[in-house]
Every structure is written in C-alpha cells, then in structure tokens.
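Visitor: If you read the sequence shown in this note's numbering, its first letter stands for residue 102, the second for the next number, and so on.
By construction, the Cβ of each residue, glycine as well, lies at the ideal position given by its N, Cα and C atoms.
Computed from a predicted model, the values in this text were never measured in an experiment.
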Amino acid sequence: LPIGSNGQLLEVVSGLPAWETPTAGIDWTGFSFPFRGESVPAGFLENDGSLISITTYENLYDKIGNSYGLNTGVNFTASAGDDTITSAAHGKSNDDIIEMTNSGGALPAGLAIDTKYFIINVTTDTFQVSLTQGGAAVDITDTGTGTHSFHDQIAIPDDRGEFLRGYDHGAGNDPDAASRTDRGDGETGDKVGTKQGDEVEAHTHGSAGAHTHTLYDSGAMGSGFPTTNISARGSNTGQTESSGAHTHSSVGGNENRPRNISVMWCIKY
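And the structure:
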C-alpha cells in the first residue's frame, strides 16, 4: 500500500484504485467515546452532566433533545393578539433557540413542550418564536394557564464513575428495567439514559458439617458435682438471635465491582 494510507480502504473504480476514509459521511454527533487522556479533545464535551447552550450546541441538541434535563426556566406571558411573548429584560437575541415548559396548567395554544423554537423580532422585553430560523411567527391563539417558562440550555449525560449498560429494550435481560429511575427529564423505566443504583442479587448461604459446642453451665448443682466443661449434647438448648440481630466478621470494600480501568466518557457535538 502507498505510504500514508493507514486507516483507509482501497476501492477499485473503473480499474483504478481510489482511497476512502472508512468514517467519511458518518455523523458522529451524539455518540459517546471513551478517552484515555484527562483533557477533553476538540469537538467533544465530557459527559459530566453540565448544562450547555442549545443555540451553541444545536447539532447535539437535535440528537439528544432534553432527555437529560433543562436549565431553570425564565417565566413569560403570551399575547394571542400579536403572537408576542413577554419576559422583562430577557436577554435573548434573534436566532437563539429555546424550549418551553408549563407547570400547573397548559401552554398557550400554538406552543408545545419538547419543541425547538427560534427567537425572532426581539425587543428588550418581548420576542416572537418560529419553528424555523428566521421564519414566520408561531400563531398563538390564547394565553394558556398556569406558569409558562422558556429554557435555553440542556443537560448532557453524567457518566463519571458509572458503568454503562446496554438498553434492555424489552429483551428481559435487565430484570429490574421497569424500576429504573429518572434520567433527567422525568422518564423512568426501560428507557435510554435511565439509572439504577448498586445492588447484590438475593441469594442464600448453606452450611455443612455436623459439629458440637462445649457449654459452660454456671447454674447451681448439688454439692460435689463439677459445674464446668459440661459437654453432654441435649442437656441444655437455646436459640440464636433472629436474622440481622447478630454480626459476622467480614472483609470487603465500599461497592461491588468487576476489575476495571477508568476512562473519560466524552460526547461528540
């Protein structure tokens, strides 16, 4: 092979060799990779649960959405007459990207949760939103109920110190898939990104080998009868404390784990 062809594929086209990079054309955005260094490489973010700008990392947002959570929202009101959103000194600019949520009611008609909106027609205290960059304003037909908020950041996964497990996806290999906990957006159960705490599988311990114990009886007996080293089985009986009420010597550490090597998980943006 020619010098400098490492990592390339040889393809014969019309009788002539052509060189292609195997990963050409693949969009790696949203993929997580294990890195052996402690510095985040260019084009990646460490999976550390950070909040990142939806506008700055739009491509990553398009892949993972708000699955791992949103930043604290900024409250707003909406006007059905001119499709305007009002939030005092909101600090946003045209083409910024936001999502909207509601608590205690419903968003204004025309707006929806889990939806990407581009900000347009900004003033100091107001703006409109569009479904496309620089597009037409969304038609808002009522003011909604409850508390409305907009968000301009999403959280990325936090994989620090964690073992990653394949998504069960109904296969039944994760017996506790249904009880997996919130990944950050309220989703639980058999979903990508949900969590499990550590656990030891229920099991039993057997015992084997007949044996005897010497009892030392300090009770009163007739004069001249020895009261130590009584070893006649059955002459005295008793019962141990119930499970959990006694202790055993043991060895171990702070968790159950296999052999492992730490890496830094980073996500492509």
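#1: Check the C-beta distance from H270 over to N172 and give it rounded, since I have them as a contact under 8 Å.
#2: Does the beta-carbon distance from V175 to S250 come in below 8 Å?
#3: Would you call the region 283-291 and the region 184-199 in contact, with 3 or more CB pairs under 8 Å?
#4: Would you mind working out which of S308, S363 and A279 sits nearest K296, comparing C-alpha positions?
#5: Figure out for me which residue from W366, T282, E263 and Y268 has the closest Cα to the Cα of P359.
#6: Rounded to the nearest angstrom, what separates E200 and A237 at their Cα positions?
#7: Taking buried to mean at least 16 other C-beta atoms within 10 Å of its own C-beta, is Q254 buried or exposed?
#8: Tell me, please, which residues DSSP counts as bridged to H252.
#9: Please report the residue range of the alpha helix (DSSP H) in which N176 lies.
#10: By the 10 Å Cβ neighbour count, where 16 or more other Cβ atoms means buried, how is D260 classified, buried or exposed?
#11: Taking 7 Å as the limit between beta carbons, can you name the residues of its chain near V223, skipping five residues before and five after?
Guide: In short, the structure shows the following:
#1: 30 Å between Cβ atoms; not a contact.
#2: yes
#3: no
#4: A279
#5: E263
#6: 17 Å
#7: Note on Q254: 16 or more other CB atoms within 10 angstroms of its CB, so buried under the neighbour-count rule.
#8: Paired residue(s): E200.
#9: From DSSP, N176 is part of no alpha helix (DSSP H) but of the beta strand (DSSP E) over V175 to S180.
#10: buried
#11: So the qualifying residues of the chain are K193, S194 and N195.
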